[in-house]
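Written out below as structure tokens is the structure these notes cover.
There are 2 protein chains.
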Amino acid sequence: MSRFYSRDENPSIWTGGARDSSGMRTRLKDVAEALKLSVSTVNAALQNRPDISQKTRERVLRKARELGYLPNRVARSLVTQRTQVIGVVVPDLSRSFFTEVVTGIDEAASAAGYHLLLCNTREDPSREDSEIQTLIGSQVDGLIIASAHAPSENEVWRELRRTGVPFVLVDRFFRDTHFVGGDDEQIGFIATKHLIQQGYERIAHIRGPNVMTAIGRLKGYTQALHRHNMRVRRAYIVEAQYHDETGGSEAAYKLLSLPDSPDAIFAASDPIAIGALESLQQRGLRIPEDFGLIGVGNVRYGQYLSVPLSTVDQQRQEIGKKAGAMLVDLITGRANPRALPILLEPRLLARRSSCCKGCVSGSAVVSRVNAPDHKSVAANR
Amino acid sequence: MSRFYSRDENPSIWTGGARDSSGMRTRLKDVAEALKLSVSTVNAALQNRPDISQKTRERVLRKARELGYLPNRVARSLVTQRTQVIGVVVPDLSRSFFTEVVTGIDEAASAAGYHLLLCNTREDPSREDSEIQTLIGSQVDGLIIASAHAPSENEVWRELRRTGVPFVLVDRFFRDTHFVGGDDEQIGFIATKHLIQQGYERIAHIRGPNVMTAIGRLKGYTQALHRHNMRVRRAYIVEAQYHDETGGSEAAYKLLSLPDSPDAIFAASDPIAIGALESLQQRGLRIPEDFGLIGVGNVRYGQYLSVPLSTVDQQRQEIGKKAGAMLVDLITGRANPRALPILLEPRLLARRSSCCKGCVSGSAVVSRVNAPDHKSVAANR
DNA sequence: CTGTTAGCGCGTTCAA
DNA sequence: TTGAACGCGCTAACAG
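Structure representation (structure tokens):
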């Protein structure tokens, strides 16, 4: 009685189990038997293959629907070697950057008939490695990874290469990989240049942690200063976590305590800027008259803050969409397998927090730069 | 030459294809052959079964690692009839409510060894139906559905019942189903009562669309009014979309145009409240002195708005966590298969937008009600 | 302790 | 136009 019964021999064990209360699932075989046809005929009919008579096809379709037949994608994948599933790895799903990227990915993926298998690594590198392994084992057709840590040459990344699963990186770049992200140098450059054009003279930068994106933004910041013959002061550069308002607040506090304190801040993210804003207001500074502020990310409600926050939109959803489309192309062999990075053009959204004087006359990196209103945001969501 | 070659007979067709550039994937069989053992021995060794000698186990482990063996979960699922995957269906991934719920689900699911197969239906009921079908076909072990429409007795829902796939609803309730959500009546009651206790006298309500959550919140609103012997005026109830600031703004505008206009608004969501806030400020009303405002949801940055927004926290992430945990219990047979709804206790976060007078003295639904500061929010994330 | 055998549900080939 | 046979990679039962 304790043999490994086939479902056909002894259906009861399939329906009765305590842990598997699943009712009967209709298989091709069930449809075939009900019609006294063979499995392969039924299969051919359901696939609309031309070598099946119209009459048979209709009988099959009707019966399949009647029995509630749903193709078993697991079995199908085993033979076709494709799952129509894309693995997505993100470090923190609750951060708006990643949710918007995932939304974009889903848009592109679902349009091409792919589903998303989602992994939240909670910033844990070892978890990230193991999740990638599981995803490969799940036979995903491709992967999109927003890495928590620099993809070193560890086992997992070799594994990725060895198995040949196509993958696209997002947010963190690594050489010889497909990559889609914001143009961080541009972001830093645009933001800083904007503050300069608004007439601010002592511009500080609250940078992000030591990752590519933060480094790029910092670089853009220094370039913009150089370009306008302003000097870069070490003391004007402090660090905070991207998603941490408190850190931004503390960083701004530090900057304000400096002997020759700045009159503007380019924050590497909106949350940092929001934190900074708190400190500035506590100090009694008038914004934008006494002090200018700009962030990055275009978070929702940024325009409704106590001072509407200027920001650089890095096109988050578009990043996801492009990454998804690229991966699909890679999977279907339509894309250039040579890895080349895609950088999306950032857009300046000048709102009140930085509009000292020049704003209406137009710093004009973007045409809608002087419209800190509903429309400017709607157009960018 | 055009037969269906097995991979062992003719490996080239598996590695050479244009659309499938996947390198060789190591199978149990490969490990077995390399070691001159049988597949089942290797399998047993990898599963740490006790009836394998220590020596063999080590040889197998070493060789498996050396060859980069990763178990094929598709094949495994086909035989075990379990995928360790949970299907998640949401109407709009970019809305913070759903991303937080999904984050919570993932937390519970991953802790139990499950992965998430995510479907974004973009509010399209027909898409929702087809996605659920696909998920069932994917043999997911269970489903969590945040429905876009009332689950009518259509084909898909019968299918769900028939196949016996365990599922949990979130956000929208339907009779005889497992459900986890906020306690909407409580939400409406608490918010309205709070406004009353703050001394506001003509309290309006901007309700959500005609779904369960909005109906519950409306009911709580009317109950609170009744309880305090205030009458419910039809004109004081207008409607907007949950996630639409503009709609909230328009709704507030309508209310302010009323002959006997209100002096406070309970908005069914934070975005609605944020939109309303705009209208109020445009009208030159002082908040909270002239006008009280409270929303629902505790969106991020709500405390940094031009007027820090009072809100009712419905515990979004917790909703996901509970739903995930419940589903896992259902799958493993540890849960009561009798459907009973779980309603999470809402929490009042009284910030400036509603703190006319009584705030510091304490309306005291929650102890931290009088702390519109960092801490109150940090504790609730 | 190890190997043999059978089967999960579907897709493909080839013979009838 | 239809059906029989095989294999995808893995797991479980059972015999040796």
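So the sequences go chain by chain: A and B.
1 is the number of the first residue of the first sequence in the numbering used here; add one for each residue after it.
382 is the number of the first residue of the second sequence in the numbering used here; add one for each residue after it.
Backbone N, C-alpha and C fix where the C-beta goes; we use that ideal spot for every residue, glycine too.
Which same chain residues end up closer than 7 Å to residue i when comparing Cβ atoms and leaving out the 5 residues on each side of it in sequence?
i	result
S735/B	H575, L576, Q579, P669, G673, L674, I675 and S691
L637/B	S660 and R664
E245/A	P271, I274 and G275
R830/B	Outside the modelled stretch of chain B, which goes from 382 to 762, sits residue 830/B, for which no answer is possible.
K29/A	V39
Just verifying my parser: in three-state terms, what is the DSSP assignment at residue i?
i	result
A235/A	helix
I144/A	strand
S434/B	coil
G678/B	coil
V688/B	coil
H607/B	helix
V313/A	Looking at the sequence shown, residue 313/A is not Val but Asp. D313/A: strand per DSSP, three-state reduction.
L258/A	coil
R352/A	helix
R76/A	helix
I331/A	helix
G449/B	coil
R347/A	strand
G673/B	strand
I342/A	strand
I287/A	coil
D270/A	helix
R707/B	The question names Arg, but residue 707/B is Met in the sequence shown. Reduced to three states, the DSSP call for M707/B is helix.
L474/B	coil
Between the options, which lies nearest to residue i when the distance is taken from Cα to Cα?
i	options	result
S279/A	A252/A, E245/A and V170/A	A252/A
L349/A	V165/A, Q281/A and T192/A	T192/A
A489/B	E726/B, Q698/B and G545/B	Q698/B
D487/B	P91/A, A112/A, A240/A and H115/A	P91/A
I215/A	G182/A, G320/A, R231/A and R158/A	G182/A
V549/B	N453/B, L724/B and L708/B	L708/B
R543/B	I571/B, I517/B and T603/B	I517/B
A649/B	L686/B, V521/B, H530/B and F570/B	F570/B
R56/A	P259/A, R175/A and A34/A	Note that residue 56/A corresponds to Thr in the displayed sequence, not to Arg. Measuring from the Cα of T56/A, the nearest candidate turns out to be A34/A.
Q520/B	Y495/B, V546/B, N501/B and T502/B	V546/B
F555/B	A413/B, R614/B, L658/B and L721/B	L721/B
V88/A	E447/B, L658/B, V412/B and L498/B	L498/B
R334/A	R231/A, D176/A, R62/A and A112/A	A112/A
S507/B	E439/B, N610/B and H530/B	H530/B
Y200/A	Q186/A, H228/A and Q223/A	H228/A
V102/A	I145/A, R62/A and V60/A	I145/A
L415/A	M24/A, P50/A and A64/A	No statement about residue 415/A is possible, as the shown extent of chain A runs from 1 to 381 and does not include it.
C356/A	N336/A, I342/A and R286/A	R286/A
E447/B	M593/B, I723/B, V412/B and I467/B	V412/B
Can you tell me where the alpha helix (DSSP H) with residue i in it begins and where it stops?
i	result
I517/B	P506 to G518
T177/A	Careful: T177/A lies outside any alpha helix (DSSP H) and carries neither H nor E.
L409/B	L409 to L416
I105/A	S96 to A111
L427/B	V420 to L427
If I measure Cβ to Cβ from residue i and keep anything under 8 Å in the same chain, skipping five residues before and after, which residues do I get?
i	result
N154/A	D129
D270/A	G295, V296, G297, N298, V299, G302, L309 and T311
G68/A	T26
L344/A	V180, G181, G182, D183, Q314, Q315, E318, I319 and K322
G104/A	R316, Q317, E318, I319, G320, K321, K322, A323 and G324
S83/A	A quick correction: the sequence has Thr, not Ser, at residue 83/A. So the list reads R73, S77, S138, Q139, V140 and D141, once near-sequence residues are dropped.
L160/A	I132, I136, L143 and F167
D671/B	D644
Taking the beta strand (DSSP E) that residue i falls in, what are its first and last residues?
i	result
A645/B	A645 to A648
N120/A	H115 to N120
G87/A	V85 to V90
So, at 6 Å on beta carbons, what are the nonlocal neighbours of residue i in its own chain, with the 5 sequence-adjacent residues on each side left out?
i	result
E481/B	R697 and Q698
S147/A	R172
A44/A	I52
H624/B	R476 and P652
G247/A	A240 and Q241
A204/A	Y236, L255, P262 and I265
I132/A	V156
G589/B	A595, Y623 and A649
Mind pulling the alpha helix (DSSP H) runs of 4 or more residues that sit fully within the stretch 526-602 of chain B?
536-544 and 565-578
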